[in-house]
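Everything in the sequence shown is counted per the UniProt record's numbering, starting at 1 for the first residue and increasing by one.
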Amino acid sequence: MEGIGRLSRSLDFLSHSLLDIAIGMYVYTYPANRDSLDFVLNRPSDFIVSEIVNGLNTEELYGYLETVGGSNTEDGCYRDATYIVKKIGLSSIELCNTIKKVLGCRHCAVLGLKDANSVAYQLVLVRNCRTVDSNLHFRKGSRTVDAYLWLCNRISVIDIENSFKIRLNLLSQNSMNLVKEKIETMKKYGYTILNFFGYQRFGSRRPTTHIVGKKLICRDWEGFIEAVCGYPFPMESREAIIDRLHWYENRSSAAYPSSSIESRICSKNIDDLRTLKAIPKKMLQLYVNAYQSYLFNTILSRIWIEIIEKYGLDNGIEIIKRDLPYLPIPGSSTTVSRDIVKRILDEILDTEDIKLSDFCIEELNLCIHGDYRRSYLVIEDLSYSVSDSSIKITFTLESGSYATIVLREILNTDPILYT
């Protein structure tokens with residue numbers, strides 16, 4: 001009977017979301033609320049993220065530079081320049097590609113990848129540009145970029161965090177109460193939650209990047225191409241679904257945008273391995289990193305289930321912070337000392353039918369060594385304010401943690417509604 005009690009204890013923490021399960025997030029940190037939650041999150045306008053670099057908030061820097069029209073020192077920017085950018089509707093990778101094209105830069109870098117479906121303020125560092133303008137503006141449909149020159153050199157980054165301002169429109173008083181109650185529960189435990197990799201790591205509408213990464217690990221070159229070009233998902237746009245179905249018919253890349261990864265590899269009658277060798281290694285590494293993220297999420301989920309079943313929530317929070325503060329992101333050089341982590345990792349690798357040595361892909365001259373990641377995160381400076389039927393939540397996260405994981409803990413509902 002004691003074993004049954006422990007099992008029922010962990011059942012309260014399990015996610016019912018198919019998307020969560022697909023990317024290894026089997027559990028919530030706290031018992032899930034199963035009541036219906038009625039809310040609307042208007043993206044991108046009500047999801048604002050800004051980098052805090054060396055204590056400076058990029059949204060505030062952007063506001064100042066917008067007022068003065070940007071730095072007037074562009075004539076002296078011969079090699080390096082740092083822009084403060086506001087972007088809407090495009091990924092940070094697309095942002096860099098856009099700025100490189102407009103300014104004729106050889107190199108562009110960002111400090112972190114920001115959600116495409118948000119209003120994001122971030123630093124962009126460029127090098128070896130044909131020209132450096134004090135400001136630049138780009139509009140294409142719902143995609144916008146506004147950038148102001150800040151410095152004529154590369155900033156020395158000592159510390160980086162991300163600040164979030166998110167507004168939820170709640171359609172009932174019961175929903176408002178449920179959100180406030182969950183925030184108060186998190187407060188009781190110091191705003192500590194499990195540090196899962198978030199949905200944007202995998203794709204919330206088409207969660208396949210980790211599947212593509214596993215195809216590489218398993219040397220399934222044909223499967224890699226199919227996972228990129230095919231695999232239509234119902235949450236994709238109608239056009240994307242049609243394009244992927246057409247690919248199954250004629251193995252042609254003609255339907256895909258010329259700038260997309262699909263346009264490079266979805267052509268027919270091309271040797272699969274030769275096609276992969278033509279893809280930039282950084283792109284291939286991102287796919288493998290997504291698979292590593294899935295494995296990390298699965299390890300963290302399995303460990304949390306065992307901790308909750310054995311020790312309960314109160315002790316569980318303390319145990320994971322004290323005894324298991326870091327967990328492996330599996331790779332070729334991963335070593336594990338703690339018995340529970342080694343056992344669970346071995347079980348997962350066996351289920352996945354892979355070995356750690358598989359992360360060295362000699363055929364592509366690519367070797368992913370693995371790393372460690374903090375198993376929990378502490379949400380900093382969390383506060384909320386209520387206005388009529390909406391609640392505005394503000395908080396700060398360390399670099400590498402995800403705001404959608406915070407929302408997941410608060411809302412306990414279908415992630416499609418807030419990603």
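Cβ coordinates follow ideal geometry from the N, Cα and C atoms, glycine included.
Note that the coordinates shown come from a computational prediction; the quantities given were computed from them, not determined experimentally.
Counting the other Cβ atoms within 10 Å of the Cβ of T335 gives fewer than 16, which makes it exposed. Counting C-beta atoms within 10 angstroms of its own C-beta, E226 has 16 or more neighbours from the protein chains shown and is therefore classed as buried. Bounds of any alpha helix (DSSP H) do not take in F13, whose DSSP letter is neither H nor E. Put simply, the backbone Cα of I21 is about 23 Å away from that of D371.
Cβ neighbours of C96 within its own chain (closer than 8 Å, five residues either side excluded): C108, A109, V110 and V124. Under the DSSP assignment, S301 falls in the alpha helix (DSSP H) whose first and last residues are K281 to R322. If you check the CB distance, D12 and I166 do not come in under 9 Å. Between the region 173-191 and the region 65-72, the count of C-beta pairs closer than 8 Å stays below three; the two stretches do not touch. Within the DSSP bridge table, the entry for I393 names I166 and Y384 as partners. Secondary structure remark: continuous beta strand (DSSP E) runs of at least 3 residues inside the region 92-162, in chain order: 105-110, 119-129, 135-140 and 143-151.
Taking a 10 Å sphere around the C-beta of H137, we find fewer than 16 other C-beta atoms and assign the residue as exposed.
Across the structure, G213 and R219 are spaced so that their CA atoms are roughly 10 Å apart. For P325, DSSP records no beta bridge to any residue. Residues of the same chain with a CB within less than 7 Å of the CB of S175, apart from the 5 flanking positions on each side, are L37, D38 and F39 in chain order. Leaving aside the five residues that flank L113 on each side, the residues in its chain whose CB is nearer than 6 Å to its CB run, in chain order, S92. Beta-carbon to beta-carbon, S204 and T419 are separated by about 4 Å, close enough to satisfy the 8 Å threshold. For the 9 Å CB-CB criterion, A147 and I88 do not form a contact.
Here the alpha carbon of S332 sits roughly 11 Å from the alpha carbon of Q292. Boundaries of the beta strand (DSSP E) harbouring D80: D80 to I88, taken from the DSSP string. Apart from sequence neighbours up to five positions away, the residues of its chain that approach A290 with a beta-carbon distance below 7 Å are R201, F202, T209, H210 and G213, ordered along the chain. Restricting attention to K355, S357 and L324, the CA atom closest to the CA of V341 is found in L324. Between E59 and E380, the CB-CB gap reaches or exceeds 9 Å.
Distances from the alpha-carbon of C77 to those of T131, L178 and T298 put T131 closest. R244 has its alpha-carbon roughly 5 Å from the corresponding atom of G230.
Taking C-alpha positions only, I410 is separated from R343 by approximately 31 Å. Per DSSP, the continuous alpha helix (DSSP H) segment holding L178 begins and ends at Q173 to K188. Under DSSP, S50 takes part in a beta bridge, and its partners are Y121 and S163. According to DSSP, residue pairing for T58 in a beta bridge does not occur. Put simply, of N57, L364 and L417 the residue whose alpha carbon is nearest the alpha carbon of L273 is L364. In this structure, the CA atom of L366 is about 21 Å from the CA atom of E262. In terms of CA proximity to Y248, S267 leads the group S357, Y311, S267 and L377.
Within the model, the alpha-carbon separation for S142 versus G312 is close to 47 Å. Listed in chain order, the non-local C-beta contacts of P207 below 8 Å within the same chain comprise L19, A22, I23, Y199 and F233, local neighbours out to five positions each way being set aside.
Around the beta-carbon of N128, fewer than 16 other beta-carbon atoms lie within 10 Å, marking it exposed. Per DSSP, R374 is one residue of the beta strand (DSSP E) stretching across D371 to R374.
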